[in-house]
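What follows is one structure encoded as structure tokens, with my remarks underneath.
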Amino acid sequence: TGNNLNFSVNSEYSGSYNVSIDGILIINNGTYSIGEVILIVCDGYNVGNHSVIISVNSMDGTEAYYETIFSVYSTSSTIITIHELNDYELNSTNNFLNFSISSKYPDYFNLWIDNISVSSGNFNSDIFILYSLDNITSILGNHTVYIWAMGLDGKEAEIQTMFTVYPNDSVEGTESSEKKSPNKQPVLPAVFISSLIVVPGTVIGFTYRFQKIKIKSRI
286 TGNNLNFSVN SEYSGSYNVS IDGILIINNG TYSIGEVILI VCDGYNVGNH SVIISVNSMD
346 GTEAYYETIF SVYSTSSTII TIHELNDYEL NSTNNFLNFS ISSKYPDYFN LWIDNISVSS
406 GNFNSDIFIL YSLDNITSIL GNHTVYIWAM GLDGKEAEIQ TMFTVYPNDS VEGTESSEKK
466 SPNKQPVLPA VFISSLIVVP GTVIGFTYRF QKIKIKSRI
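Letter by letter, the sequence shown follows residues 286 to 504 of the numbering used here.
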């Protein structure tokens, strides 16, 4: 704010003037005095170049015409921040993507999940935007998230990430399989040689090594 177009008319006579910006008449038949400095407010224009035309008619019948350009630039940045996005258990509920967009000139965003546009609209700077992922948690596997945003100043931002929906199978401990063996055959005990670390979104593999034991035969 506080930006002005500043000009004066060099004439021995007072008169009238018109001012147009981008083809829109801003001042119509304004009057000036000899030596007067005229200020025209130039706030509120979008980023880019803007044309200015000034035409003057003095009381002695002479005319003058002046054309120029001024530019509006932005020092703002558009920044997208994801505050919460996790991996989720299959068919779980109350799961949300939480993100915000920062810009001095907030405008518009679009959210895609798995290459499908699922939400769009205007945003306010640094205000949380929540999107429920409960309709996605019924689908196992990896899912892509892409967010694009643009401010009124034309500054764009984008971010891409992913989350995983993992199965909710429980991991059972080793039981005495002798109870499950109807023919009472000797059971070879299994020993874990890999540690079990349950991390959402990962596939857990188990490796077993069978201990050697002596089995007495009955003759």
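All C-beta atoms, glycine included, are put in the ideal place defined by N, C-alpha and C.
Where residue i sits in the DSSP three-state scheme
{"i": "ASN288", "result": "coil"}
{"i": "ILE306", "result": "strand"}
{"i": "GLY300", "result": "strand"}
{"i": "PHE355", "result": "strand"}
{"i": "SER405", "result": "strand"}
{"i": "GLU321", "result": "coil"}
{"i": "GLY396", "result": "This sequence places Leu at residue 396; Gly is not what is there. Strand."}
{"i": "THR316", "result": "strand"}
{"i": "LEU425", "result": "coil"}
{"i": "LEU415", "result": "strand"}
{"i": "SER377", "result": "coil"}
{"i": "GLY436", "result": "coil"}
{"i": "VAL294", "result": "coil"}
{"i": "VAL332", "result": "coil"}
{"i": "TYR431", "result": "strand"}
{"i": "TYR350", "result": "strand"}
Buried or exposed by the 16-neighbour rule on C-beta atoms within 10 Å, applied to residue i
{"i": "SER318", "result": "exposed"}
{"i": "GLY300", "result": "buried"}
{"i": "ILE398", "result": "buried"}
{"i": "ILE354", "result": "exposed"}
{"i": "PRO391", "result": "buried"}
{"i": "ASP438", "result": "buried"}
{"i": "VAL450", "result": "buried"}
{"i": "SER405", "result": "exposed"}
{"i": "TYR298", "result": "exposed"}
Beta strand (DSSP E) segment containing residue i, residue limits
{"i": "THR366", "result": "364-369"}
{"i": "PHE384", "result": "381-387"}
{"i": "MET447", "result": "441-451"}
Sequence-distant residues of the same chain with beta carbon closer than 7 angstroms to residue i, five excluded per side
{"i": "ILE325", "result": "ASN289, LEU290, VAL304, ILE311 and ILE312"}
{"i": "THR446", "result": "ILE367, LEU370 and VAL430"}
{"i": "SER385", "result": "THR366, HIS368, ASP411, ILE412, PHE413 and ILE414"}
{"i": "ASP307", "result": "HIS335 and SER336"}
{"i": "LEU418", "result": "TYR373, ASN380, PHE381 and LEU382"}
Cutoff 6 angstroms; reference residue i; Cβ partners in own chain excluding five residues on either side
{"i": "GLU369", "result": "ASN383"}
{"i": "PHE448", "result": "LEU370, ASP372 and HIS428"}
{"i": "SER296", "result": "SER343"}
{"i": "ILE338", "result": "SER305 and GLU352"}
{"i": "SER377", "result": "THR422"}
Sequence-distant residues of its chain with Cβ nearer than 8 angstroms to residue i (five each side left out)
{"i": "LYS497", "result": "For LYS497, the predicted structure reports a pLDDT of 41, less than 50, and the residue's modelled location is therefore unreliable. A value from the coordinates is still provided. Hits under 8 angstroms: none found."}
{"i": "GLY320", "result": "SER293"}
{"i": "VAL544", "result": "Residue 544 lies beyond the residue range present for the chain, which begins at 286 and ends at 504; the question has no answer from this structure."}
{"i": "GLU443", "result": "ILE365, TYR431, ILE432, TRP433 and ALA434"}
{"i": "SER361", "result": "SER388, LYS389, TYR390, GLY436, ASP438 and LYS440"}
{"i": "THR286", "result": "ASP328"}
{"i": "ASN409", "result": "PRO391"}
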